[in-house]
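Chains as they are written, first to last, in full-length UniProt numbering: chain V, 1 to 281; chain S, 1 to 281. Backbone N, C-alpha and C define an ideal beta-carbon position, used for all residues, glycine too. For clarity, every value in this text was computed on a predicted model and none was experimentally measured.
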């Protein structure tokens with residue numbers, strides 16, 4: 001069921017989430033219900049008409065669901081807020097990150113391909129992180145050297161540099177070298193809801209002597225892998241899904257995965273740059 | 001109006017082309033009509049059921065239109081055939097290149113970004129071709145250093161290397177260095193019909209001393225431009241449309257055009273990797 005803001009679709013509720021929202025809305029007296037709901041659409045009630053009111057209504061709802069253990073994804077409450085945009089590309093309200101997929105709102109992240117190039121052979125190897133086994137989402141999965149959600153009010157490059165320090169103890173004089181190389185966009189239906197994600201992609205060529213090390217407890221360790229190993233582990237489903245997509249994009253951009261190796265080359269390129277049908281920044 | 005092969009859509013006719021096809025089909029006796037046409041769909045008649053028969057029927061039609069000056073685009077008859085694929089990714093028939101857009105069939109090309117990098121400043125400049133003023137299509141427009149259609153039976157890389165010699169007199173020991181870096185895909189409605197194009201993209205880092213020179217009479221000249229100039233000329237609409245798209249893709253991949261410079265960054269990335277709704281190779 002689509003979520004509207006005025007006349008603009010900005011998200012979509014899965015069939016697990018929609019009945020729970022109806023149920024919650026009915027706990028209010030008719031005049032005080034925060035949402036206006038029918039089988040075709042969900043939107044805010046008329047009187048919920050400002051940034052602050054919308055943000056408050058969404059936050060109250062997510063807190064209620066979290067405290068009632070309605071949705072597992074809210075166990076990973078992050079105290080990190082993401083902006084949601086209206087049809088004029090203005091921020092309409094903000095929402096706790098762990099609840100975004102429940103509404104199918106757009107989310108934004110950045111992923112950094114940290115790689116080294118052998119100066120003689122020009123062979124490229126990539127630093128791969130393994131996520132901590134205790135991380136709320138995708139524990140133990142393989143990941144880019146650094147990745148993070150783009151929280152209000154940071155831009156993609158600022159986020160990338162900040163996360164380099166937080167996740168890989170990387171000094172600014174190295175992380176300043178990140179090169180924005182595009183973005184991957186995709187929509188996936190998951191247990192926690194609908195992910196309509198845009199991941200900004202950065203390449204970072206690291207000194208061959210550089211060794212990333214975990215800083216917070218989000219990362220179990222870092223491993224330098226050649227692309228033979230990376231491709232094998234991708235096929236083995238050892239990577240977090242969106243990190244795998246970012247690495248496939250890297251391999252295509254750098255001529256490591258070519259049209260002669262992959263018969264679905266053109267389809268992959270379209271699928272990892274899928275248009276998101278909701279307004280963005 | 002969609003063009004079907006069995007149950008699979010493989011193209012689409014614009015409202016200029018559809019009535020001309022109906023008219024042509026009626027010049028045949030009922031039992032001998034090559035096409036089966038109603039207002040919802042166009043397909044081959046049942047008895048046109050092999051590679052050779054389909055190719056012949058299409059060729060006869062295009063020759064008839066060419067000889068009757070029905071469509072301007074056929075004045076550029078190239079004697080170059082492109083494959084058209086069925087739903088099993090097999091070649092169903094072939095078609096003269098200048099007539100493809102009349103049916104909206106998919107077409108494939110390759111574009112090469114020939115660039116140099118200043119060894120000290122790392123500034124990148126790109127070699128830009130100006131198309132000959134007598135070329136049938138887009139005369140005088142700016143273009144990539146080399147570009148060409150992928151004709152049966154060459155693959156994208158083979159075509160790229162072949163065109164480097166034909167269009168820019170580039171020796172094989174240089175053109176062998178082309179790196180496949182993805183593809184751009186787009187659909188555009190033009191005077192000549194519907195272009196559903198996939199352009200394979202190659203980067204080629206050239207020696208700073210290298211000077212391309214025209215070989216055939218398709219190119220007026222080659223110019224080395226910095227990206228300040230390229231962006232100005234892009235905005236000025238001096239580039240052939242698809243070559244401009246390829247250069248925008250290059251600028252995004254190399255961090256020359258970034259998310260902070262362009263508010264439609266994510267939309268551009270989706271639009272230049274548009275899924276093509278017809279089967280491919």
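DSSP three-state assignment for residue i, whether helix, strand or coil
i: residue 205/S; result: strand
i: residue 40/S; result: coil
i: residue 282/S; result: Only positions 1 to 281 of chain S appear in this structure, which leaves residue 282/S out of reach.
i: residue 188/V; result: strand
i: residue 79/S; result: coil
i: residue 244/V; result: helix
i: residue 95/S; result: strand
i: residue 219/S; result: strand
i: residue 18/V; result: helix
i: residue 105/S; result: coil
i: residue 232/S; result: helix
i: residue 56/V; result: helix
i: residue 137/V; result: coil
i: residue 158/V; result: helix
i: residue 169/S; result: coil
i: residue 265/S; result: helix
i: residue 210/S; result: coil
i: residue 72/S; result: helix
i: residue 100/S; result: helix
Length of the line joining the Cα atoms of residue i and residue j
i: residue 200/S; j: residue 114/S; result: 14 Å
i: residue 189/S; j: residue 195/S; result: 6 Å
i: residue 144/S; j: residue 170/S; result: 14 Å
i: residue 31/V; j: residue 18/V; result: 20 Å
i: residue 142/S; j: residue 185/S; result: 20 Å
i: residue 205/S; j: residue 256/S; result: 16 Å
i: residue 6/V; j: residue 108/V; result: 23 Å
i: residue 253/V; j: residue 111/S; result: 14 Å
i: residue 277/V; j: residue 58/V; result: 21 Å
i: residue 35/V; j: residue 63/V; result: 16 Å
i: residue 135/S; j: residue 168/S; result: 16 Å
i: residue 240/S; j: residue 78/V; result: 48 Å
i: residue 66/V; j: residue 47/V; result: 25 Å
i: residue 22/S; j: residue 44/S; result: 12 Å
i: residue 179/V; j: residue 187/S; result: 29 Å
i: residue 20/V; j: residue 8/V; result: 23 Å
i: residue 13/V; j: residue 86/V; result: 17 Å
i: residue 263/S; j: residue 146/V; result: 24 Å
i: residue 174/V; j: residue 162/S; result: 41 Å
i: residue 219/V; j: residue 100/V; result: 23 Å
i: residue 172/V; j: residue 244/V; result: 26 Å
i: residue 165/V; j: residue 203/V; result: 16 Å
i: residue 3/V; j: residue 40/V; result: 9 Å
i: residue 191/S; j: residue 75/V; result: 56 Å
i: residue 51/V; j: residue 183/V; result: 28 Å
i: residue 197/S; j: residue 268/V; result: 16 Å
i: residue 117/V; j: residue 215/S; result: 36 Å
i: residue 42/S; j: residue 15/V; result: 39 Å
Residue closest to residue i, alpha-carbon to alpha-carbon, out of the options
i: residue 71/V; options: 262/V, 197/V, 98/V and 140/V; result: 98/V
i: residue 10/S; options: 268/S, 106/S and 62/S; result: 106/S
i: residue 130/S; options: 88/S, 262/S, 213/S and 44/S; result: 213/S
i: residue 265/S; options: 258/V, 273/V and 262/V; result: 273/V
i: residue 120/S; options: 208/S, 17/S, 59/S and 184/S; result: 208/S
i: residue 361/S; options: 37/S, 27/S and 183/S; result: Here chain S has residues from 1 to 281 only, and residue 361/S is not among them.
i: residue 283/S; options: 39/S, 40/S and 25/S; result: There is no way to answer for residue 283/S, as the model of chain S reaches only from 1 to 281.
i: residue 92/S; options: 78/S, 138/S, 243/S and 56/S; result: 56/S
i: residue 102/S; options: 1/S, 238/S and 234/S; result: 1/S
i: residue 53/S; options: 12/S, 39/S, 87/S and 95/S; result: 95/S
i: residue 221/V; options: 237/V, 132/V, 176/V and 270/V; result: 132/V
In DSSP terms, what residue i is bridged to
i: residue 125/S; result: 116/S and 226/S
i: residue 2/S; result: 12/S
i: residue 143/S; result: 129/S
i: residue 292/V; result: With chain V covering 1 to 281 only, the question about residue 292/V has no answer from this structure.
i: residue 193/V; result: 190/V
i: residue 180/S; result: 202/S
i: residue 84/V; result: 93/V
i: residue 273/V; result: 185/V
i: residue 239/S; result: 142/S
i: residue 35/V; result: 44/V
heavy atom of the ligand MN below 6 Å from residue i C-beta
i: residue 11/V; result: Ligands in the displayed structure: none, and consequently the ligand MN is not present.
Three or more beta-carbon pairs under 8 Å between the region 115-127 of chain S and the region 216-229 of chain S, yes or no?
-> yes
With a cut-off of 8 Å, do at least 3 Cβ pairs link the region 73-86 of chain S to the region 150-160 of chain S?
-> Judged by Cβ distances under 8 Å, the region 73-86 of chain S makes contact with the region 150-160 of chain S, as three or more pairs qualify.
The region 238-250 of chain S contacting the region 158-173 of chain S, beta-carbon criterion three pairs below 8 Å | no
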